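All remarks here apply to the structure that follows.
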Amino acid sequence: MPPRDFQRCERVAGQLRRDIARLIQLEIKDPKVGFISVSDVEVSRDLSHAKVFITVFDTDKAVDTLAALSRAASFLRRRLGKELRLRQVPELHFLHDDSVEQGSHIDKLIADALDADKAGVEDTLAESEESGLKKDPH
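Quick note on the numbering used here: the sequence shown kicks off at 724 and runs consecutively.
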C-alpha cells in the first residue's frame, strides 16, 4: 500500500481554511471584524480542535477582531457543521498571525540598510564599538 501524501487532518485543515474565510467574508456582520485574512488552520489529529491563524491588516484592531471572532466561533462552527461531512466539527480557536508585520519590519530594516549604504555611511559594527570604547574612559 503506497503512503498517503496528505493526512486527513491536513485535508480537513485546508477545507476549513477556505470555508471559514468565506463565512467570515459573507456572513459575519460584526463591525469589529476588520480587514482580515485566514492565513492558516492547524487541526489536531483527532479533529477536535482547530487553530485558525488570522492576519489582521489594521494592527491596532487586532485584539478587538480576535475577540469578535471568538464570540462568533460557535456560529461559525454551526455553519461549518451544515456544510462539511464530518462527524464532529472541530472547536475553533482564533490566533493572531503577525508574520506579515514581522516581514514588513524586516523589509524596512533592509531598506534602511541599503539607504545607509547608498549614502556612504561606512560605519560598521566593529568601528562603532571602537569609537564607543574611545569615548568611554573605562
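Even glycine gets a Cβ: it sits at the ideal position worked out from N, Cα and C. Computed from a predicted model, the values in this text were never measured in an experiment.
- The Cβ-Cβ distance between Ile-743 and Ile-759 does not fall below 8 angstroms.
- Per the coordinates, the alpha-carbon of Asp-787 lies some 23 angstroms from the alpha-carbon of Gly-826.
- A straight line joining the alpha-carbon of Leu-803 with that of Glu-750 spans about 12 angstroms.
- For Ile-759, the enclosing beta strand (DSSP E) has its first and last residue at 759 to 766.
- Per DSSP, Val-775 is one residue of the beta strand (DSSP E) stretching across 772 to 779.
- Between the alpha carbons of Ala-736 and Asp-830 lies a distance of about 30 angstroms.
- Only residues of its own chain outside the window of five on either side were considered, and among them Asp-742 have a CB closer than 7 angstroms to the CB of Glu-806, listed in chain order.
- CA-CA distance, Ser-767 to Leu-815, rounds to 11 angstroms.
- DSSP places Leu-789 in the helix class (H, G or I) of the three-state scheme.
- Take Lys-784, set aside five residues on each side of it, and the residues of its chain with a beta-carbon closer than 6 angstroms to its own are Gly-757, in chain order.
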